[in-house]
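Read the structure below first, then the notes.
In this note's numbering, the protein residues as written are 11 to 317.
Structure follows, in C-alpha cells:
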C-alpha cells in the first residue's frame with residue numbers, strides 16, 4: 011500500500027541562492043552583468059581565434075575550445091537562475107533538470123581534459139621545442155580536443171542514464187540554484203548508493219588523473235626553466251605558464267571539494283559557494299586570465315579592430 015500511495019515527482023522546485031526577497035533584484039543585476047561579460051569574453055576569444063590565421067596553432071585551438079566549454083558551463087546554469095530571481099515560479103521539469111546537469115557535467119569533464127591538452131602543449135613547446143611540429147601538430151591537437159569532448163559527453167551520459175533508475179517522491183524541492191546531481195540524490199526515494207559511489211569513483215579518477223598529468227607536465231617544465239641561463243628567458247617562459255596554473259588551481263580546487271569528497275561534512279552554503287565558483291566565476295575569469303597577459307591575443311584583437 012505504501013508503494014501504491016507514492017506520488018512520483020515529474021518536476022522540481024529550485025530554491026535558489028537565497029529566499030530573501032530584498033536580495034533578488036540586486037543578485038539578478040550582479041549575475042546578469044557577470045553572465046554577459048562571460049559570454050562576450052569567451053565567445054569573443056573563440057571568434058578571435060577563428061578569425062585570425064596567426065592564432066591557428068595548437069595552443070590557441072585548445073584555448074578556443076576551453077573558452078567554448080566555459081561558455082557552455084555558464085549557459086547551462088545562469089540563464090535559468092536569472093529568470094528565477096525575478097519570478098516566483100521556480101519549477102523545472104524532470105527532463106529540463108536532466109538536460110541542465112548533462113550540459114554542465116559534460117562541459118566540466120571536457121574542461122578537465124582540455125587543461126591536460128594545454129599542459130602537454132606547454133610541456134612540448136618548452137622541453138622539446140625542436141620536436142614541437144611533430145609532437146603537437148594542429149591535426150593531433152584537434153584529435154585531442156575531439157577526444158576531450160567525447161569523454162565529457164560520455165561521462166555525463168553515464169550519470170544521466172543512471173539517474174533514470176531513481177524515483178523522486180519524498181519532496182520536489184532542490185535546495186540549490188541548479189540541478190546538481192548530489193542534491194538530486196538527497197530527495198530520491200530509491201537508494202542512491204550506487205549512483206553516489208559511481209560519481210565519487212568517476213570524479214576521483216578523472217580529476218586525479220588529469221590533475222596529476224598536469225602536475226607532472228609542470229614539474230618537467232620547471233626543471234627546463236631552471237636550466238635556462240638567461241634570467242629574461244626564465245621569466246618569459248614562466249609567464250606563459252602562470253596563467254594556465256592559476257586557472258588549473260581555481261578549477262580543480264573547487265571540484266575536489268565538491269565531488270571527490272561528497273558527504274564530507276560541508277554545509278549547504280559552502281557547497282553553493284563552491285558550485286558558484288566553478289559554474290559562474292571561473293568561466294568569467296578564464297578569458298581575462300589567458301588573454302590580458304597574452305601579447306599575441308592582444309595583437310590579434312588590434313588587427314581585427316583596425317580592419
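Each residue gets a CB set at the ideal place from its N, CA and C atoms; glycine is no exception.
- Ranked by Cα distance from residue 103, the options 255, 208, 296, 20 are led by 20.
- Going by C-alpha positions, residue 262 is about 7 Å away from residue 217.
- For residue 22, the enclosing beta strand (DSSP E) begins and ends at 21 to 24.
- Ranked by Cα distance from residue 285, the options 70, 297, 91, 29 are led by 91.
- When the Cα atoms are used, residue 154 and residue 122 turn out to be separated by approximately 12 Å.
- For residue 84, the uninterrupted alpha helix (DSSP H) run begins and ends at 68 to 96, by DSSP.
- Cβ atoms of residue 68 and residue 148 come within 8 Å of each other, at about 6 Å.
- Shown here for residue 79: same chain residues with a beta carbon closer than 7 Å to its own, the five before and five after excluded, namely 117, 120, 121, 124 in chain order.
- Of the residues assessed, residue 171 falls on the exposed side of the cut-off, its CB having fewer than 16 other CB atoms within 10 angstroms.
- The beta carbon of residue 49 is closer than 8 Å to those of 81, 84, 85 in its chain, skipping five residues each way along the sequence.
- Residue 155 sits in a helix when the DSSP states are folded into three classes.
- By the C-beta criterion, the stretch 156 to 169 is judged to be in contact with the stretch 108 to 117, since at least 3 inter-stretch pairs fall below 8 Å.
- Straight-line measurement puts the Cα of residue 22 at about 31 Å from the Cα of residue 53.
- Inter-segment contact for the stretch 251 to 260 and the stretch 291 to 305 is present: three or more beta-carbon pairs are separated by less than 8 Å.
- Per the coordinates, the alpha-carbon of residue 237 lies some 16 Å from the alpha-carbon of residue 227.
- DSSP places residue 183 within a strand segment (E or B) once states are collapsed to three.
- With respect to residue 220, residue 126 sits close: the two C-beta atoms are nearer than 9 Å.
- Residue 251 places its beta carbon 9 Å or farther from that of residue 189.
- Looking at the DSSP output, residue 102 sits in a beta bridge with 22.
- By the neighbour-count criterion, in which 16 or more other beta carbons inside 10 Å mark a residue as buried, residue 209 falls on the buried side.
- The straight-line gap separating the alpha-carbon atoms of residue 55 and residue 178 is approximately 41 Å.
- Boundaries for residue 288: no alpha helix (DSSP H) harbours it, and the DSSP string shows neither H nor E there.
- Here DSSP, grouped into helix, strand and coil, assigns residue 281 to helix.
- With distances taken between CA atoms, residue 98 lies nearest to 35 out of 35, 229, 144.
- A direct Cα-Cα distance of roughly 38 Å separates residue 40 from residue 133.
- In the structure shown, residue 146 adopts coil according to DSSP, grouped into three states.
- A distance below 8 Å between beta-carbons, with the five flanking residues on each side excluded, links residue 73 to the following residues of its chain, in chain order: 55, 59, 128, 300.
- For residue 306, the enclosing alpha helix (DSSP H) has its first and last residue at 305 to 316.
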